[in-house]
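Colleague: First the structure, then my questions, so here it is.
Number of protein chains: 2
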Amino acid sequence: MSVEETIRDMALAAKKAAKVVSVLSTDKKNQALERVAEKLLEETKTIKEENERDLAHAREKGLSDAMVDRLTVTDGVIESMATGLRDVIALPDPVGCVTGMWLRPNGLQVGRVRIPLGVIGMIYEARPNATIDAAGLCLKAGNAVILRGGSEAIHSNSVLARIIQQALGETGIPEGAAQVVPVPDRAAVKALLLQEECMDLIIPRGGEGLIRFVVENSKIPVLKHYKGVCHVYVDRTADLHMAEEISYNAKVQRPGVCNAMETLLVHEASAEAFLPQMAGRFKTAGVELRGCPRTCKMVPEAKQATEADWPAEYLDLVLAVKVVSSMDGAIEHIAEYGSAHTEAIVTSDYNRARRFLREVDASVVLVNASTRFNDGGELGLGAEIGISTTKLHAYGPMALEELTTTKFIVLGDGQIRT
Amino acid sequence: MSVEETIRDMALAAKKAAKVVSVLSTDKKNQALERVAEKLLEETKTIKEENERDLAHAREKGLSDAMVDRLTVTDGVIESMATGLRDVIALPDPVGCVTGMWLRPNGLQVGRVRIPLGVIGMIYEARPNATIDAAGLCLKAGNAVILRGGSEAIHSNSVLARIIQQALGETGIPEGAAQVVPVPDRAAVKALLLQEECMDLIIPRGGEGLIRFVVENSKIPVLKHYKGVCHVYVDRTADLHMAEEISYNAKVQRPGVCNAMETLLVHEASAEAFLPQMAGRFKTAGVELRGCPRTCKMVPEAKQATEADWPAEYLDLVLAVKVVSSMDGAIEHIAEYGSAHTEAIVTSDYNRARRFLREVDASVVLVNASTRFNDGGELGLGAEIGISTTKLHAYGPMALEELTTTKFIVLGDGQIRT
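Chain order of the listed sequences is A and B.
Residue numbering for the first sequence follows the working numbering, starting at -15 and increasing by one per position.
Residue numbering for the second sequence follows the working numbering, starting at -15 and increasing by one per position.
Encoded structure:
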């Protein structure tokens, strides 16, 4: 069977299964997820053996340490997959939730009720735990899911797929509800992206290259973010101690993630009092600074920034720094170079806080808090499947609710239109 | 300037204007819409003259009477455009509405606030009033809009565009906020669909051919429905008088629209008592019936339906009729041939009503009411810009709220992530 035929069959099976999964009771869905969690813990040994095959291959191919690290499945990783599933079990089921209901003058009762999206395709890279996380969230929201992990994780993902499918089988749920693409081949991704008759949504997660490939080739709606070029703007009226804590946290706490700060903007009235001391703390943490000319004057150890630094997503201990003459300058800089992901202001001024919240276009806009809070769990949404900077449907973290849509229901007693 | 360059310039102007429009006060937006309404009434004579040029051309080209009818702008049509705008003025502004706000354990206040989508492209066919309706809704929701009407309405749309732009100018709003594509050429549509850097959403309205063309060629997310193959299912337990009124209304009241019934499904236990009488009423109304073999036995005047009838959207006084042996049969038929648009059941049974609401996948599912209620105004949403059977973002009528999205706002007092 060709790759295209394999994928086509998977998509058809998913569409068929989606109809079943869409009307499952919450109990039934939770039971299946619990069964997956149990089996993960029971089969720790097998999972690690299969993962070892991927790791050996990765070392042979000379993948970077960071890649090998992301690929590695330890006891701890398996336990966290099981815990993650149990967290999803504990979340309320969005399906069936009536988000509003109202009465029309003619007596019709009109409401909106949450329903699953249908079939979701998830395309991601190294981490095998994404297989479990994504399957758990999609199933809980009543969707079927087709998972396509990185080719370097093919053995790990295959054993996880087998575990998921057995758990589904044992719970009486069609196995088409959660499938892993068994072909470690870009042709498989391409074929998946053409199944618009069967699939409702594609979520790619990974490097900008993968995501652009998906967007270019998909006939199915895609929710994604390309990158996170997040700013902290330290206003003229900022509490400078607070600004320092937030800037440090946003850059240093976990520099390799999309909600880390990549550019620090400082109002000129705060720059002299703020930047040299802030730079000292960054230096201690090993952060390389790339500054505008005014920054470099105040912070001699900063390198001169080039035009390439302002749109850069370093994902590393590197930070661009710019002094701006006004809040307008900050907002304009963000509009030009930001990625609509996460933007923060540190200010003590009520009006400026309101203005920043209103005028800055990003999926999460914060006042006096670290950019690192753009995360489903941190915002109180529960587990998430990714962050969207596409405005349609979901803007920001995509949690259970974003894996559903609403339909209208109308309860009448014989109404006709006149 | 080439078509591509013209469109590119329009898209850039729209993107620039969108930033301004997104933060306009409700008063200002309403003021602009009121100015458009006033100017429409002031310039009735000019509008009709320009429309006459389109009509002359249409008659020359031998367009159908129905087409010419849709194209015709009378005093009444102009008045209804103005009234439509005033109805939109009266609707609450969705922008800035906080749809929810909650407190996190660390003291962060997290909320979701409605924001405009950005730049919307509207691609439609004959009716020039769509130009005004769409511009009104998009502007009220804080979006910029690029309108591309049918080439046959080019003179009418151009004068309407000039009126809109003058009204915007007089209100101090950039003219890029609502533009009409001046080129009556499919190349213009194609060029528009490639402006993904500037545009956030495309809404096509019209025949299936146009919509498929848009979906095939768009790099921008599209919300659309291809067609409305809507069913009324008369259950075993239906009140047959009610079933007759609803079926008649769904087919006959306005057969040329997407929410009209195209197939009637009747439970075999109701068929003998229901179908012959119902058929008599349809006959009086001039409805041609195409029945399954069992229908034809009970209704001798019905023609034999072929496989082509079940997925057909007649948009005419033609109706497919099928007797089903069970509710399962009805639900399966709808799943196979329905278009996820509008589906209705007539029943007196509580459990069957609940099951139909839960299991039938359509943007609007009704119990004991006519399919003709799938309409923004009828459902209480106010004016709409179209009906979506795409599940993502909006499923059903797209009113003001569906022309917005939400971003997260986070109010802190120095929170960092640990």
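Where is the CB? At the ideal position from N, CA and C, for every residue including glycine.
Bear in mind that the values here come from a model prediction, so they are computed numbers and not experimental data.
1. Contact check, V52 (chain B) vs C182 (chain B) under 8 Å by CB: the rounded distance?
2. 8 Å is my cut-off, CB to CB: does W86 (chain B) come that close to chain A?
3. In terms of alpha-carbon separation, which member of A:E192, A:L47, A:T331 lies closest to A137 (chain A)?
4. Can you list, in chain order, the residues of its chain with a C-beta nearer than 8 Å to that of I116 (chain A)? Leave out the 5 residues immediately preceding and following it.
5. Cβ of L387 (chain A) within 8 Å of Cβ of N113 (chain A)?
6. Closest by CA to K375 (chain B), which one among A:D169, A:T389, A:V79, A:S254?
7. Note down the Cα distance separating S254 (chain B) from A222 (chain B), rounded to an integer number of angstroms.
8. Pull up the CB-CB distance for V351 (chain B) and L395 (chain A), whole angstroms please, since I reckon it's below 8 Å.
9. Considering only the beta carbon of each residue, do A306 (chain A) and T279 (chain A) sit closer than 8 Å?
10. Identify whether Q237 (chain A) lies in helix, strand or coil by the three-state DSSP scheme.
11. Closer than 7 Å, Cβ to Cβ, to anything on chain B: give me those residues from the segment 349 to 361 of chain A, in chain order.
12. Give the single residue among B:C276, B:L341, B:L301, B:T402 whose Cα lies nearest to the Cα of I230 (chain A).
13. DSSP three-state call for K391 (chain A): helix, strand or coil?
14. In chain A, what lies closer than 8 Å to D184 (chain B) by C-beta?
15. Would you call the CB atoms of K0 (chain B) and G190 (chain B) closer than 8 Å?
16. Starting from S372 (chain A), follow the beta strand (DSSP E) in both directions and report where the run begins and ends.
17. What three-state label does DSSP hand L176 (chain A) in the structure shown?
18. Does K391 (chain A) get closer than 8 Å to chain B when you measure Cβ to Cβ?
19. I'd like the span of the beta strand (DSSP E) that includes G68 (chain A), first residue to last.
20. Quick one: Cα of A74 (chain B) to Cα of S9 (chain B), how far?
21. With a CB to CB cut of under 8 Å and the five nearest residues on each side skipped, what residues in its chain are close to D300 (chain A)?
22. Note down the Cα distance separating L178 (chain B) from I187 (chain B), rounded to an integer number of angstroms.
23. Output the distance between the C-alpha atoms of A151 (chain B) and V206 (chain A), rounded to the nearest integer angstrom.
24. Does R342 (chain B) come within less than 8 Å of chain A when only Cβ atoms are used?
25. Rounded C-beta distance between F392 (chain B) and V7 (chain B)? I'm assuming under 8 Å.
26. Considering only DSSP beta bridges, list what Q163 (chain B) is partnered with.
27. Below 8 Å on C-beta distance, what does K346 (chain B) contact in chain A?
28. Relative to the alpha-carbon of C276 (chain B), which residue among B:Q288, B:K267, B:R265 has its alpha-carbon at the smallest distance?
29. Does any CB atom of chain B fall closer than 8 Å to the CB of M262 (chain A)?
30. For L101 (chain A) versus A119 (chain A), is the C-beta spacing smaller than 8 Å?
31. Quick one, which residues of the segment 3 to 19 of chain B are near chain A if we go by CB-CB under 9 Å, in chain order?
32. In chain A, which residues lie with their C-beta within 7 Å of the C-beta of N233 (chain B)?
33. Please list the residues of the segment 314 to 326 of chain A that have a C-beta atom closer than 8 Å to any C-beta atom in chain B, keeping them in chain order.
34. Less than 8 Å between the CB atoms is what I'm expecting for K13 (chain B) and L123 (chain B), so what's the real figure, rounded?
35. Taking the continuous beta strand (DSSP E) assigned at H215 (chain B), which residues delimit it?
36. List the residues of chain B whose Cβ lies closer than 7 Å to the Cβ of M226 (chain A), in chain order.
Modeller: Straight from the coordinates:
1. In the second sequence, residue 52 (chain B) corresponds to position 68, counting from 1. In the second sequence, residue 182 (chain B) corresponds to position 198, counting from 1. Not quite, the Cβ-Cβ distance comes to about 35 Å (not below 8 Å), so this is no contact.
2. Residue 86 (chain B) sits at position 102 when you count from the first residue of the second sequence. W86 (chain B) counts as touching chain A.
3. Translated into the one-based positions of the first sequence, residue 137 (chain A) becomes position 153. Measuring from the Cα of A137 (chain A), the nearest candidate turns out to be A:L47.
4. As a working mapping, residue 116 (chain A) is identified with position 132 in the first sequence. These residues qualify, in order along the chain: V20, L24, M65, G68, L69, L144, I148.
5. Numbered from 1 along the first sequence, position 403 holds the residue referred to as residue 387 (chain A). Numbered from 1 along the first sequence, position 129 holds the residue referred to as residue 113 (chain A). Against a cut-off of 8 Å, the Cβ pair of N113 (chain A) and L387 (chain A) comes out as no contact.
6. Along the second sequence, one-based indexing puts residue 375 (chain B) at 391. Answer by Cα proximity: A:T389.
7. Locating residue 254 (chain B) in the second sequence gives position 270, counting from the first residue. Locating residue 222 (chain B) in the second sequence gives position 238, counting from the first residue. Approximately 8 Å between the Cα atoms of the pair.
8. Stepping through the second sequence from its first residue, residue 351 (chain B) is reached at position 367. Stepping through the first sequence from its first residue, residue 395 (chain A) is reached at position 411. Right, the Cβ-Cβ distance comes to about 5 Å (below 8 Å), so this counts as a contact.
9. The residue given as residue 306 (chain A) occupies position 322 in the first sequence. The residue given as residue 279 (chain A) occupies position 295 in the first sequence. A quick correction: the sequence has Lys, not Ala, at residue 306 (chain A). Contact flag set, yes.
10. Locating residue 237 (chain A) in the first sequence gives position 253, where the first residue counts as 1. In the structure shown, Q237 (chain A) sits in coil (DSSP, three-state: anything other than H, G, I, E or B).
11. V349, L350, V351, N352, A353, S354, R356, F357
12. Taking the first residue of the first sequence as position 1, residue 230 (chain A) is located at position 246. Considering only alpha carbons, the answer is B:T402.
13. Locating residue 391 (chain A) in the first sequence gives position 407, where the first residue counts as 1. Looking at K391 (chain A) - three-state DSSP - the assignment turns out to be strand.
14. One-based indexing of the second sequence puts residue 184 (chain B) at position 200. Simply K375, L376.
15. Locating residue 0 (chain B) in the second sequence gives position 16, counting from the first residue. Locating residue 190 (chain B) in the second sequence gives position 206, counting from the first residue. Not closer than 8 Å, so no.
16. Counting from one through the first sequence, the residue named residue 372 (chain A) turns up at place 388. Taken as a continuous stretch (DSSP letters only), the beta strand (DSSP E) holding S372 (chain A) covers 368 to 372.
17. For this step, residue 176 (chain A) is matched to residue 192 along the first sequence. Helix, per DSSP.
18. Residue numbering aside, residue 391 (chain A) sits at position 407 when the first sequence is read from its first letter. True, the Cβ-Cβ gap to chain B drops below 8 Å.
19. For the purposes of this step, residue 68 (chain A) is identified with residue 84 of the first sequence, where counting begins at 1. Careful: G68 (chain A) lies outside any beta strand (DSSP E), inside the alpha helix (DSSP H) at 59 to 74.
20. On the second sequence, position 90 is the one that residue 74 (chain B) refers to. On the second sequence, position 25 is the one that residue 9 (chain B) refers to. If I take the Cα positions, the gap works out to 14 Å.
21. The residue labelled residue 300 (chain A) in the question sits at position 316 within the first sequence. Once the five neighbours on either side are set aside, the close Cβ partners of D300 (chain A) are P239, G240.
22. On the second sequence, position 194 is the one that residue 178 (chain B) refers to. On the second sequence, position 203 is the one that residue 187 (chain B) refers to. Each residue's Cα considered, the two are about 14 Å apart.
23. Position 167 of the second sequence, counted from the start, is the residue given in the question as residue 151 (chain B). Position 222 of the first sequence, counted from the start, is the residue given in the question as residue 206 (chain A). Going by the C-alpha atoms only, they are around 37 Å apart.
24. In the second sequence, residue 342 (chain B) corresponds to position 358, counting from 1. Closer than 8 Å to some Cβ of chain A, the Cβ of R342 (chain B) qualifies, so yes.
25. Taking the second sequence and counting its residues from 1, the one referred to as residue 392 (chain B) is at position 408. Taking the second sequence and counting its residues from 1, the one referred to as residue 7 (chain B) is at position 23. Not a contact, Cβ separation roughly 18 Å.
26. Taking the first residue of the second sequence as 1, we reach residue 163 (chain B) at position 179. Note: Q163 (chain B) sits in a beta bridge opposite B:I130.
27. If you number the second sequence from 1, residue 346 (chain B) lands on position 362. Residue identity check: residue 346 (chain B) is Ala in the sequence provided, not Lys. The answer, in chain order, is K391.
28. Walking along the second sequence from the start, residue 276 (chain B) turns up at place 292. Among B:Q288, B:K267, B:R265, the Cα nearest to that of C276 (chain B) is on B:Q288.
29. Against the first sequence, residue 262 (chain A) aligns to sequence position 278. M262 (chain A) does not count as touching chain B.
30. Taking the first residue of the first sequence as position 1, residue 101 (chain A) is located at position 117. Taking the first residue of the first sequence as position 1, residue 119 (chain A) is located at position 135. It is not a contact, given that the beta carbons lie outside the stated cut-off.
31. K3, S6, V7
32. Along the second sequence, one-based indexing puts residue 233 (chain B) at 249. Near N233 (chain B) (Cβ distances below 7 Å), the residues of chain A are I400, R401.
33. A319
34. Sequence index remark: in the second sequence, residue 13 (chain B) carries index 29 (1-based). Sequence index remark: in the second sequence, residue 123 (chain B) carries index 139 (1-based). With 8 Å as the limit, K13 (chain B) and L123 (chain B) qualify as a contact, their Cβ atoms being about 6 Å apart.
35. Here residue 215 (chain B) refers to the residue found at position 231 when the second sequence is read from its first residue. Unbroken beta strand (DSSP E) run through H215 (chain B): 214 to 218.
36. Taking the first residue of the first sequence as position 1, residue 226 (chain A) is located at position 242. Neighbours of M226 (chain A) on chain B, chain order: G398.
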